[in-house]
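Here the sequence shown is numbered in full-length UniProt numbering, starting from 1 and rising by one per residue. Worksheet: one structure, shown below.
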Amino acid sequence: MKLSLIFCCYNVSKYLDGIYKWLCEQPYQNIEVIFVEDCATDDTKERLFSLVHDPRMKIIENPRNLGLSESRNIGLRHATGDYVGFPDPDDQFDTNWLLEIADISRNNSINVIITGMREDYETNDKLEFSKDIISKFSGGITRNNIFDALVDLEQSFLLGYMNNKFYNREFLIENKFSCKSLALKEDFEFNINVFSKVDSLYILNKPYYFYKKRTNGNTLTSKFVPEYFDIHMDTLLQFKSLLEVYQSNLSKQSEILLVNRFVRYFLSSIERNTSKSAGLTFNDQKEWIESIFSNSKYNYFLERLDLITGKIKIIECIFSARFSWLLVILGNIIKYLKANLPILFAKLK
Numbered sequence: 001m002k003l004s005l006i007f008c009c010y011n012v013s014k015y016l017d018g019i020y021k022w023l024c025e026q027p028y029q030n031i032e033v034i035f036v037e038d039c040a041t042d043d044t045k046e047r048l049f050s051l052v053h054d055p056r057m058k059i060i061e062n063p064r065n066l067g068l069s070e071s072r073n074i075g076l077r078h079a080t081g082d083y084v085g086f087p088d089p090d091d092q093f094d095t096n097w098l099l100e101i102a103d104i105s106r107n108n109s110i111n112v113i114i115t116g117m118r119e120d121y122e123t124n125d126k127l128e129f130s131k132d133i134i135s136k137f138s139g140g141i142t143r144n145n146i147f148d149a150l151v152d153l154e155q156s157f158l159l160g161y162m163n164n165k166f167y168n169r170e171f172l173i174e175n176k177f178s179c180k181s182l183a184l185k186e187d188f189e190f191n192i193n194v195f196s197k198v199d200s201l202y203i204l205n206k207p208y209y210f211y212k213k214r215t216n217g218n219t220l221t222s223k224f225v226p227e228y229f230d231i232h233m234d235t236l237l238q239f240k241s242l243l244e245v246y247q248s249n250l251s252k253q254s255e256i257l258l259v260n261r262f263v264r265y266f267l268s269s270i271e272r273n274t275s276k277s278a279g280l281t282f283n284d285q286k287e288w289i290e291s292i293f294s295n296s297k298y299n300y301f302l303e304r305l306d307l308i309t310g311k312i313k314i315i316e317c318i319f320s321a322r323f324s325w326l327l328v329i330l331g332n333i334i335k336y337l338k339a340n341l342p343i344l345f346a347k348l349k
């Protein structure tokens, strides 16, 4: 059983020695490794050519910077393995990961294998804290109980990523799946399409994928993307439609998940709108919030705000009363926590 690993490489020079060492030390040997070099502005290309001499590995050079999605598509077109994965070169992985993936794929007819994750929060390359992200489900999942598994996987933030999954390559080819270039949520959009067609999946419920969240010591903030909310809402509505493929009448648990995701994305957008790069005045921010409240597209979520749970339950009244000015203030508080207390913010989140 051959496993193909596609690493899309853009400005990741400092991590290549570590990933190459991990690959060479793998107990499972039947692998194919494809490094897609996407015209990095650092010495990623030079580092790759100085490192990669293993006959199981190859380097593909893009003619120009094509971005993550197209680089993945190129890697997939060159892959020959039975299963293909898209791990990120700046993350890390358990030594047994590929060995167990191979055992699962050898003994089961599975469309997608999903692995648990460990989030590592680092400041200036020093590990501050880690948390495991695993599912309530484990083992093989058939089409009859995929609905409950999908709800749980999204609840635990394991569904959207591509990097913690291995896909049956023939399944991807037969269904003509490819990655679409988006400003955000490229992984989620791909997986929504994939999971609408799966007949079976397998959950390796161990935190074998180490997802690195790095800060420089004073920020967890992200670049302002004007279409942030629209993209997140499009994928959330796609996820709702995906659930309805498997169960037309959504369960209470799935509705709670959808509403809480809506509020999370709404809050995150409010916080991002407070940044200088957004160029929005206090009144502009208020008007944007009010435009969301008045948009019938979001009625499904706004009519179910009583389903808010967890840590954000305490602000249900602010959303229900539609206090836009108070939400702008809350956005500024969140921005302050992210900028000045990033690790505390990550723990609270």
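Idealized CB from N, CA, C, for every residue including glycine.
Under the three-state DSSP convention, the category residue i falls into
i           : result
Arg72       : helix
Tyr20       : helix
Leu220      : Interpretation of Leu220 is limited by its pLDDT of 43, a score under 50 that renders its predicted location unreliable; no figure is taken from the coordinates.
Asp120      : strand
residue 352 : With the chain covering 1 to 349 only, the question about residue 352 has no answer from this structure.
Ile173      : helix
Gly81       : coil
Thr215      : strand
Ile289      : helix
Lys338      : helix
Asp148      : helix
Classification of residue i by the beta-carbon crowding that lies within 10 angstroms, buried from 16 upward
i           : result
Tyr211      : buried
Leu127      : exposed
Asn191      : buried
Thr115      : buried
Leu220      : Confidence at Leu220 is low in this model, with a pLDDT of 43, below 50, so the placement of that residue should be treated as unreliable; the coordinate-derived value is given next. Its Cβ being crowded by 16 or more others within 10 Å, Leu220 is buried.
Glu174      : exposed
Ile6        : buried
residue 366 : With the chain running from 1 to 349 in the structure shown, residue 366 is simply not present.
Phe137      : buried
Val194      : buried
Pro63       : exposed
Residue from the options whose Cα sits closest to the Cα of residue i
i      : options                        : result
Glu32  : Ile74, Gly85, Asp42            : Gly85
Arg169 : Ser109, Gln238, Asn340, Leu23  : Ser109
Lys14  : Leu327, Gln253, Thr44          : Thr44
Phe224 : Gln247, Phe266, Asn299, Glu271 : Glu271
Trp97  : Leu236, Ala278, Leu204, Phe188 : Leu204
His53  : Lys21, Glu70, Lys240           : Lys21
Ser251 : Asp152, Ile231, Met162, Gly279 : Asp152
Asn11  : Met233, Asn65, Ala339, Gln253  : Asn65
Beta-carbon spacing of residue i, residue j below 8 Å
i      : j      : result
Glu46  : Glu61  : no
Tyr228 : Leu257 : no
Lys2   : Gly81  : yes
Ile101 : Phe166 : yes
Ile312 : Asn260 : yes
Ile141 : Leu158 : no
Leu201 : Leu76  : no
Asn332 : Thr274 : yes
Ser135 : Ser105 : no
Ser324 : Glu290 : yes
Asn283 : Tyr209 : no
Phe188 : Thr123 : no
Ser178 : Leu242 : no
Ile113 : Tyr83  : yes
Phe319 : Leu337 : no
Beta carbon proximity, residue i to chain C, threshold 8 Å
i      : result
Ser248 : Absent from the structure: chain C. Only one protein chain is present.
Cβ-heavy atom distance, residue i to the ligand ADP, below 7 Å
i      : result
Ile110 : This structure lacks the ligand ADP, and indeed carries no ligand of any kind.
(message) Quick test of the definition: if touching needs 3 or more C-beta pairs under 8 Å, does the segment 86-106 touch the segment 143-157?
(response) The segment 86-106 vs the segment 143-157: no contact.
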